[in-house]
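A quick write-up on the structure given underneath.
Numbering (the numbering used here), first residue to last: 1220 to 1698.
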């Protein structure tokens, strides 16, 4: 359903002059209330030391002092900055060209391209990281072992367990996210400005740089902010590739602070204190994105004045376009997944060879607890069916108010929707855990339920939904 169809079908949602009916506001505030409670619990945790939820817990600022007084923090921040910049660069370097090729050119097989990018969204980054561990780990990676044997080297020349290497893997994992956040911008772009540029003598490169990319700026900026925040807060890829090699990012550093070696109980207060600093970062990034929303009318390229998108004929460049897409699909998904599948059938991991083919077996599958697997699949099916629909519903309500409303409070909605994304998911999970145990446990038993997981997923994914929808709404004229 398009935005215009939604307005015609549900006029009671949008009939107010300022596009902010009380009913729509109440819908947008519902997830905001959940986010506020989770963040409040996080701050509450950050001010306590001891066994949380018991009489021995005391209020103190020691958690903040522990973080700031750690001299290793500055080294971790440097690693995180390199990792984040690398992640953003690689994700944009592939995601933007593929989105442009798909939406603005005559490249064939667009349905297949969408299938490839959708698959990129569905495959968790943890599998990509595991696959690249088998490919380019300095000790066990097959690529390094082949190079050592081929050139007689003493050690593998490629090390994926560095901030830049991990940023490459994370960027490959997030290319599909950039594609989704920017594709609709290119799709909805009115070609009249590009045609006018050609009439005035601008070549393809200058038209792309001066017209196309500036018009797509809201979607590009949304992708940059979203990817940057993931680079700061993500845990899975830095944990799999970095922890074993003592290469720490902010999330893995926080994990070690929460679970110090030799300590019996987790230091949940450390996670809350770290989350407080991330709230400040979220405020800065939201303000940055808000500056684009203030000038949103400059990006309205879809109006009621005979809008008709046109496509650029690729000609001989079609092969190059598909080579880029095929290279992305191979190195980001196909190769890592093939190696994981190969490792699943081997008694121990070794580079593929005719000798190893004779040792393939289904032992790992026979020893698997299939009852537990089916239980996990059932819970996953529930999350897949419920979470996207709820996120899309609330995300549209929030985006409509943020983009169409004139109220200054719309930036609070934007900040609230983005805030969970700026926090490492482990912090959101701990907040939900403590909330279900000590605050609402007596009258709303959500502890240990898939419903609690669904609630956390909904608020954590609002940022992605609002960024994607904001970009589309900014390009649609108010008429």
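Even for Gly, the Cβ is constructed at its ideal location relative to N, Cα and C.
To the nearest angstrom, how far is the alpha carbon of residue i from that of residue j?
i            : j            : result
residue 1596 : residue 1425 : 50 angstroms
residue 1405 : residue 1440 : 14 angstroms
residue 1544 : residue 1455 : 25 angstroms
residue 1540 : residue 1534 : 10 angstroms
residue 1550 : residue 1632 : 38 angstroms
residue 1434 : residue 1599 : 38 angstroms
residue 1683 : residue 1298 : 25 angstroms
residue 1310 : residue 1317 : 11 angstroms
residue 1314 : residue 1625 : 33 angstroms
residue 1371 : residue 1377 : 15 angstroms
residue 1621 : residue 1571 : 53 angstroms
residue 1326 : residue 1430 : 21 angstroms
residue 1346 : residue 1337 : 16 angstroms
residue 1500 : residue 1250 : 21 angstroms
residue 1262 : residue 1256 : 10 angstroms
residue 1446 : residue 1574 : 42 angstroms
residue 1529 : residue 1329 : 15 angstroms
residue 1475 : residue 1358 : 24 angstroms
residue 1643 : residue 1417 : 46 angstroms
residue 1393 : residue 1348 : 12 angstroms
residue 1590 : residue 1565 : 23 angstroms
residue 1585 : residue 1407 : 51 angstroms
residue 1362 : residue 1369 : 10 angstroms
residue 1641 : residue 1498 : 7 angstroms
residue 1686 : residue 1285 : 35 angstroms
residue 1562 : residue 1592 : 19 angstroms
residue 1692 : residue 1655 : 36 angstroms
residue 1484 : residue 1340 : 35 angstroms
residue 1538 : residue 1243 : 47 angstroms
residue 1630 : residue 1609 : 22 angstroms
Give every residue of the same chain whose Cβ lies closer than 7 angstroms to the Cβ of residue i, excluding the five residues on either side of it in the sequence, and list them in chain order.
i            : result
residue 1516 : With a pLDDT of 48 at residue 1516, under the threshold of 50, the modelled position of this residue cannot be trusted; read the value that follows with caution. If we look at residue 1516 and ignore the five residues flanking it on each side, it has no Cβ neighbours.
residue 1254 : 1635, 1638, 1639 and 1678
residue 1259 : none
residue 1688 : 1614, 1615 and 1618
residue 1290 : none
Taking DSSP as the reference, what is the three-state secondary structure of residue i?
i            : result
residue 1581 : coil
residue 1659 : coil
residue 1326 : coil
residue 1646 : helix
residue 1383 : helix
residue 1617 : helix
residue 1544 : helix
residue 1361 : helix
residue 1240 : coil
residue 1624 : coil
residue 1567 : coil
residue 1586 : coil
residue 1497 : helix
residue 1349 : helix
residue 1371 : coil
residue 1679 : helix
residue 1405 : helix
residue 1468 : coil
residue 1437 : helix
residue 1302 : helix
residue 1689 : helix
residue 1289 : coil
residue 1393 : helix
residue 1486 : coil
residue 1666 : coil
residue 1421 : coil
residue 1503 : helix
Just checking my contact of residue i with residue j at CB under 8 angstroms: how many whole Å lie between their CB atoms?
i            : j            : result
residue 1379 : residue 1360 : 7 angstroms
residue 1646 : residue 1494 : 4 angstroms
residue 1448 : residue 1504 : 6 angstroms
residue 1350 : residue 1364 : Actually they do not touch by this definition, with Cβ atoms about 16 angstroms apart.
residue 1451 : residue 1303 : 6 angstroms
residue 1354 : residue 1558 : 6 angstroms
residue 1402 : residue 1321 : 6 angstroms
Following a CB-centred definition, is residue i positioned closer than 8 angstroms to any heavy atom of the ligand PLP?
i            : result
residue 1595 : Of ligands this structure carries none, so the ligand PLP is not represented either.
Going by beta carbon distance, what residues of the same chain come within less than 6 angstroms of residue i, once the five residues before and after it are set aside?
i            : result
residue 1486 : 1477
residue 1601 : 1669
residue 1275 : 1269
residue 1398 : 1314, 1317, 1318 and 1336
In this structure, what does DSSP give as the bridge partners for residue i?
i            : result
residue 1267 : 1278
residue 1531 : 1324
Can you give me the Cβ contacts of residue i inside the same chain, cut-off strictly under 8 angstroms, excluding the 5 residues immediately before and after it?
i            : result
residue 1674 : 1253, 1651 and 1665
residue 1296 : 1469
residue 1301 : 1382, 1383 and 1386
residue 1471 : 1454, 1457, 1458, 1461 and 1462
residue 1266 : 1278, 1279, 1280, 1282, 1488 and 1491
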